[in-house]
Structure formats: structure tokens, C-alpha cells
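To start, the structure itself, in C-alpha cells.
2 protein chains.
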Amino acid sequence: MTIELDFTHDPKATSWVESANGHPDFPVQNLPFGCFSKDGKNPWGCVAIGDFVLDLRKLADTLDVGDTRKILHYAAQSTLNGLFRIPGGASKLRQRLFELLTDEAHRALVEPCLVPMAEVHMHLPFDIHDYTDFYTGIHHATNIGKLFRPDNPLLPNYKYVPIGYHGRSSSIRVSGVPVKRPSGQTMAPDADEPSFGPSKRLDYELEMAIWVGQGNELGEPIPIGEASSHIAGISILNDWSARDLQAWEYQPLGPFLAKNFHSTVSPWVVTMDALAPFRVAQPPRPEGDPAPLPYLLDADDQAHGALDVQMEVYISTAKMREAGDAPHKLSSGPMTAMYWTMAQLVAHHAVGGCNLQPGDLLGTGTLTSGEEGGEGSLIELSKGGKQPITLPNGETRTFLEDGDEVIMTAFAEKDGFARIGLGECRAVIVG
Amino acid sequence: MTIELDFTHDPKATSWVESANGHPDFPVQNLPFGCFSKDGKNPWGCVAIGDFVLDLRKLADTLDVGDTRKILHYAAQSTLNGLFRIPGGASKLRQRLFELLTDEAHRALVEPCLVPMAEVHMHLPFDIHDYTDFYTGIHHATNIGKLFRPDNPLLPNYKYVPIGYHGRSSSIRVSGVPVKRPSGQTMAPDADEPSFGPSKRLDYELEMAIWVGQGNELGEPIPIGEASSHIAGISILNDWSARDLQAWEYQPLGPFLAKNFHSTVSPWVVTMDALAPFRVAQPPRPEGDPAPLPYLLDADDQAHGALDVQMEVYISTAKMREAGDAPHKLSSGPMTAMYWTMAQLVAHHAVGGCNLQPGDLLGTGTLTSGEEGGEGSLIELSKGGKQPITLPNGETRTFLEDGDEVIMTAFAEKDGFARIGLGECRAVIVG
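Right under this line is the structure:
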């Protein structure tokens, strides 16, 4: 696998959509796919370009796009599952759209297909059949492990097995949908019996979402060398967690109600094509860590399998919004905090024969950088809820309160290339 | 909630489909729904009646069924999700079909819609979006707990929380599809490092499948008193498990590859209507066990929330089949081994706001009776693989070998009512 760059990565390329040029998220070099609607109800496919979405259904009706006609038909459906089922389909379409949006000659025909982003509703990009959440953030796993198992923070399997569990797909919502605080059982440290009520330790988790493109048949594993070709792209994921419910329920079968009340994902699928300039080597494992088993080890994947993407998480409390204060940055860190590559997650998931399908969502798990200011959750920032953090307006938080909005962003930035943004993953807590 | 019996439960009722009368599984009092095809590819809805399936698409095209016309239209789709989305739809249709199949006057029109069961392929009844596996078999949980945690078999949360986890829906297959032995990481007791290879401790799990009918909106829990009305019906579930993979991977987030390579479900959705005569009181909890928390406690549910259904599991090895030997019964037990009622599982699942959807599958977890001969898995029968069991032909087993077929059946039987069968859940292991 060599990472091939093409004309779509040319940093000098500009679009006749002027807001795209120098846009922090959506220059013409990005062209992430999503699903939008004007009525909030009936979505279909689009790409983001500057301050607009390009309506792919209207484009399909407007233009003879030659050899991408069939691909465009799939992209215009109500979800992107069909588009990413076609081998190479999204790549080809992205290249064609790049041509249409950079060449002034196409402007007259294409411009009527633009809709201001401010006027549209974004929907989930895929019909997500299965959602798997991994646990690749080794610093997060260590921090959480210390809280739940002080004597045994990182279990012996962690450095061999890409630990993951099946999540709930029905409760995944797109950025912007409010999150209702869940109720459930909790066991107070000094209590004889559990009690029932709203979670008092509601938290966010800063993750990245990896979308499966091409799937595999049941019983047919995906070799590590082919795994990255099964990835459609990435988004930002907030895997909301009720820590008090989690502590009481999670043994022995893992988190359940603590996580299944809601997960929030950003609307744009930023393709692996758009991110090609930002592929980097997987950071070397610390001295003494075991090498991955052969089914997880591929030289090319080690050389190019990580992504140089930066993530940030902000909070905006109700009081801050009333006062007109800007959101406050809680932490930031790199996606390279993953102990396993994306391809290793795919290969591991399928190695026993489990079939992946287009639109399956793989969460990276909370990514904590391991440095001060790089904590991916409040439970880490507040040391298990023992040390409240203080916001600029004097408010304090150990966990989330009603009215708090959590805003995550992510981007890739590098000299010699256009900055590629992932947009926002945000939601407000309601009681 | 009083359990109302109606004309469809009359044990004296007979059908003009003669094979249905006295049929051990599919008398006219049952009429379970399923999805069949003639080509193995394009299924649609049917019900089982004796040795036949009644083709609901053809019936819809043939007959003016009056007020059930719209319901029949949904039942004729490629999955049953639409049918069970209609409040009361399946109940009404079952009553109408009962009339058509008992009254000789309808025979001439309806008979052409029958297809011999031996000539059809059965498919999954639902598009299963989310699959949750519970752990309600307290005897199983105790037996397994002893193997994984000798000092701490039943964790403190077990009697308060209906323990469950999210499973993999993509790898659920209907009865009859061969199961490929999974490979994965295992850690030998005396090893320094894990090794990779085919599972050596492949096991079945005897469970019942509970199908969700009506769903709920995200953020809107289902009260315990309404929970049973959200259940469409039940089937038999074999949640195949690779015990060696499970032991190494399951901490701290639960089973993953050990369970997601394949699950097998029987094709027929036996409705709660058909099972109404077999609803019984939830067995009282052992002295000293805590009462369920209020959100899980409903007097009617305690009085009628359990099902008097018997389950059986058989093995048929390749040698047995070659010799023409009948399958050998490994164990049997009652569905009342559930520590929680079906309604309690539904109410718990949704109490934090998680939305259930039509066609979601809830597994009961392995049901072990607590008596000799009632073990729901091989790991229990073979005492953790330490005491091989001997089959009638002299073969021994600790875990499943390639060529072994596991066959599960279940039925409800009671004086004064027709016996209601669930059919079979079977699959053979291939290497």
C-alpha cells in the first residue's frame, strides 16, 4: 500500500464556490459526504463545499455526469449505504465532483444544486446496522482502569487484543439532537441496596467514528493487508456515558444502560481519500510492549495506518450562553493516541468470521493524549469526580449538568496541503 | 392485565388442513409467522399450519380479507418488521387466518396458497437492527461464574440488574445455516503470550429469543405495566460461544469475538397470543433475595409474566448421522428458569431512554434449570471441559467438534389446550 495523492489533493486548487477557498473545514479538497434535508424529514445525499451543501439528487437530475451516473444515483439515496457498497464508487464520485466544482465551465449547471448549509437539516449519513465501540485509547483505558480497578488498571489482554464491545445502534443520533439524561440503578459506596434515579455522573467521551464501506461475508475474515480498503471514512463521535450506572452494571458483561441511551455523531463522512495526505506511521509501541500478533501486523499499515488528525472538545453551559461567552476548550489531542490502527480494528473484528456491512460504525474509544490537557472525558479531568474543574466564568463541573452543551471538533492540518475539517459533533443535555 | 383467551385457543378447533390436527408444533391454534421463499433468495411472509406454510402474499392477491387487507399487505413484505409495527395487527391477522383455516367454506380459495413446508426455504423473520443478549438464567450464571471467577460466581448486581449486553446482529442466521468454527486469540493457562488459532472450546447456548413488536421513542421509557405489550413473540436461540476466546477477551467490556461469529435462531415467531394459555406466575424468588426495584415490579407481570415453555437440546455427530442414529438429548428444562420476566427485560432495556424497534431481538441468556440434566451449555455439562460426556455410541465430548449438529426444540403443553411448538433451531459446525 502506497498512499497515492492525486489532483484532488492539490493545495492550490480553488473552487468557483468562493466560500470553499480557505474554508477551515470544507475546501474543495475535502468534499465529505452526508445526508441532508430541507424539511427535517426526508434526507438524501450531498457533499459539503464551503458554506454550502451540493444536492446530489438534484445534480443527478440536472447533469449528464457520464461514467459516474450510476454512482451518483446511489449517492442520492436516503442513506450513503448504497454509495459505499460500490467498490471505489465514492472515490470516483469525489474526483468527478472535484472537477465540477473547480472548473468554471461547469458553474452554470452545478450552481443551482447548491443549498446554503445554514438552511438545511443534517441527518445520520448511514443506516447504522451494527455499532462497535473499541477501547484503543491506552491512556484513557489506564485512567479509567485506575478508577474502577485501582490495583489492576490495564488488564493483561489489553496489549494483545483490540478490546471492543457491541454498542446500541438505534440510539445513535446526528449532531444537534439534545441528549436526555438517563435514569437507572446506581449503588452508592456506603449503601446496602442500589437506588434508582437520574444519573449524577453524566459524561462525554471524545472519540472518532470509523465508517465501514465494503463489508465481508460471514465466515470470511478480512486480512490486515486489505483492511484499510474497507474503511469509508471518519466522523467525530461522542459516546455519552453515565458513569454511576456503568460502575454498578458493567460486570461481567460490559456497559449496557450506561451507554445505550444516546450516542452523537457528526454528520460528515470525511473520506479516506480526502485524508490521504494525513496518513502517518503508527507511533511505535513503548519499549517492552509485545508486538501485535501476525494477523494484526502489516508493514504498510504500520507505516501509513494512523491519521494525523487533531480533536478538540469544548463546553458551553447555559450560563455561558446567556452571557454570550464563547465555548470553553476542555481538552485536545491527536487521533494517534490510538494504540491500534483503524485497519487493525477492522481485521480483528472480522478475524473470527463476523461480517461487517456498509455503514457499520466503529468507535475508536475515548482518545486521551496522555498529556495534561488531553483528557477525553470529564471523569478523567475531574479525577473521578473528586476534583471539580473550574470554568472561566467561575462555574465548576465534576460531571455534566442539564443545559451543558458539549462541542467536539476535529481537523487535519499540515504544511503544503489544504486543511481538512470534520465539522462539529455537538449536543446539549436536557433533564 | 388479565390474560384473555378467545376462540383461537379452543382445543377442539380443527383445520381443513388435516396435517395440522394433532400436529406437535403447528396446529391451527398456533399460526406462527415467518418468512419463506421458494428460491432461497426472495422471502416474504407466511404462517405455519401443519406440514404447510400459508403464503401470505398469494393470499393477499387471492382473497378479499376485508378489514385485515392492509395488515396482510404488511405481512406479505420481505420481513415481518412492518407487520409488528402495526398496533394489534398481528393479533387481528392471526384471528382472521384462524377463521380461514378452520372454516371449510374458505378452503377452495385458501388451499392454493399452501406450500408444503418441505419445499420451502425459511429466512430470518425480521430485519434485526439491534440484538441484546440478557443473562437471566441464574443457574447458568452461577455455573459459569464458578468457572471464570471461582471465588465470586454471582456478582452483587445480579439480583438487582437484569444483566445484559449488546450482541452482533449482522451474524444472526436462521436455523439450518452451517456455523464456521471461529479463530481468535486464546491464552493457555501456562503460557506467557496468547496464541492464535481455531477455537478449541466451541459451545452452544440454549436460549429463547424474544422479539420486540411495538417500539418506543428515544428518551421515552416503557413502564413495566406496558412492557409485555411490546413483545411480538418468541423463537429459539442458540448463541454459539467460543469459550477459550471468551475467557481471554471478555474483561473489562464483555464478550466480543467469542460470540459475534454466528447466532442461530429458529424461523417461526410464535406469538404471545398463541402462548396466552401458557402464561404462568413468575416463580417466587428464593428466600432472602431482594425484591425487584419498583420500575421492574408489576403485580400482573409477577402473576402472568412467565411462560410455561419446555426447551430441549440434542446433538447429532457426523458418526451418528452416518450410522443412522437418532439425535441424542443432552438436556432439557423450562423457560421459567429466567430470573427476570420478559417484561422486566423490556422495561429495564428502555428505562434509561434507549429506544427499542420492531424486530429487535432480546436473548434470554442460557437457561439452565438448576437440576441434573438441565444444563444449557456444554461447558456446564462437561464441568468446564474437565469431565467429557459420553454419547450413546461411545463418542465423548467436552466441546463441539466439526460435523456436530446441535438441535434445539421448544414447546408448550398443558391439559385442555392444543400443544404449541416452536419448531427447530439447528446448525452443524464446519471447520
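Residue numbers (my numbering), protein chains in the order written: chain A, 1 to 431; chain B, 1 to 431. Glycine included, every Cβ here is placed at the ideal spot set by N, Cα and C. Remember, it's a predicted structure, so these values are computed and weren't measured experimentally.
Item, Value
"Between the Cα of L218(A) and the Cα atoms of Q282(B), I172(B) and R94(B), which residue gives the shortest distance?", "I172(B)"
"Looking at the secondary structure, which residues open and close the beta strand (DSSP E) in which K329(B) lies?", "H328 to P334"
"At 7 Å on the CB atoms, spell out the chain A contacts of Q185(B), in chain order.", "Y160, V161 and L293"
"Out of D151(A), Y160(A) and W240(A), state which residue places its alpha-carbon closest to the alpha-carbon of R285(A).", "Y160(A)"
"Whose Cβ in chain A lies nearer than 8 Å to the Cβ of D130(B)?", "R168, S169 and S170"
"Measure the alpha-carbon distance for F261(B) versus G167(B) and round it to whole angstroms.", "10 Å"
"Please name the residue in T132(B), K146(B) and P189(B) whose C-alpha comes closest to that of L257(A).", "T132(B)"
"Helix, strand or coil: which one does DSSP assign to E322(B)?", "helix"
"Just to confirm before moving on: does the CB-CB distance between I144(A) and L345(A) stay below 8 Å?", "no"
"Closest Cβ-Cβ distance between F261(B) and chain A: below 8 Å?", "yes"
"State the DSSP-derived secondary structure class of L114(A), mapped to helix, strand or coil.", "strand"
"For chain A, is any of its Cβ atoms less than 8 Å away from the one on E312(B)?", "no"
"Counting only runs that start and end within the stretch 94-154 of chain B, where is the alpha helix (DSSP H) found for 4 or more residues in a row?", "107-110 and 138-148"
"Could you work out which residues of chain B lie near K180(A), taking near to mean beta carbons separated by less than 7 Å?", "G219 and G353"
"A75(B) lies in the beta strand (DSSP E); which residues open and close that run?", "First-last for A75(B): R69 to A75, but that is the alpha helix (DSSP H), not the beta strand (DSSP E)."
"Is it right to say F36(A) is buried, meaning 16 or more other beta carbons lie within 10 angstroms of its own, or is it exposed?", "buried"
"Would V53(B) be called buried (16 or more neighbouring beta carbons within 10 Å of its own) or exposed?", "buried"
"Is there a Cβ from chain B that is less than 8 Å from the Cβ of P438(A)?", "This structure does not reach residue 438(A), given that chain A is present from 1 up to 431, and the question cannot be answered."
"Which residues in chain A have a C-beta closer than 7 Å to the C-beta of L330(B)? List them in chain order.", "In chain order: nothing, as chain A lies at least about 24 Å away."
"Quick one: residues in its chain with C-beta nearer than 7 Å to the C-beta of G197(B), no 5 flanking neighbours on either side, listed in chain order?", "S183"
"Rounded to the nearest angstrom, what separates Q95(A) and S229(A) at their Cα positions?", "17 Å"
"Would you kindly check if the distance between the Cβ of H348(B) and the Cβ of P112(B) is under 8 Å?", "no"
"Please decide whether L155(B) counts as near chain A, where near means a Cβ-Cβ distance under 8 Å.", "yes"
"Run through chain B and tell me which residues come within less than 8 Å of P194(A), C-beta to C-beta.", "N157, Y160, V161 and L293"
"Could you tell me how far apart the beta carbons of N216(A) and L83(A) are, in whole angstroms, since I believe they sit closer than 8 Å?", "Going by Cβ atoms, the distance from N216(A) to L83(A) rounds to 18 Å, so no, they are not a contact pair."
"Examine chain A for any beta-carbon lying closer than 8 Å to the beta-carbon of P24(B), and answer yes or no.", "no"
"In angstroms, rounded to a whole number, what distance separates the CA positions of E375(A) and L296(B)?", "37 Å"
"Kindly give me the distance between the Cβ atoms of F33(B) and V269(B), rounded to whole angstroms, as I take these residues to be in contact under 8 Å.", "5 Å"
"Tell me, please, whether the stretch 143-157 of chain A touches the stretch 397-415 of chain A by the rule of three or more beta-carbon pairs shorter than 8 Å.", "no"
"Can you pull the chain A residues whose beta carbon is under 8 Å from the beta carbon of P112(B), in chain order?", "Correct list: empty, because the minimum Cβ distance to chain A is about 36 Å."
"Output, in chain order, the set of chain A residues within a Cβ distance shorter than 8 Å of G164(B).", "L253 and F256"
"Run down chain A in chain order and give the residues with a C-beta less than 7 Å from the C-beta of W240(B).", "Chain A residues near W240(B): none, gap ~11 Å exceeds 7 Å."
"Have a look at A418(A), Q214(A), G353(A) and M208(A) and flag the residue whose alpha-carbon is nearest the alpha-carbon of A337(A).", "M208(A)"
"List the residues that DSSP assigns as beta-bridge partners of K180(A).", "V430(A)"
"Please name the residue or residues paired with L237(A) in a DSSP beta bridge.", "E207(A) and V265(A)"
"For chain A, find out if any of its Cβ atoms is closer than 8 Å to the Cβ of P87(B); answer yes or no.", "no"
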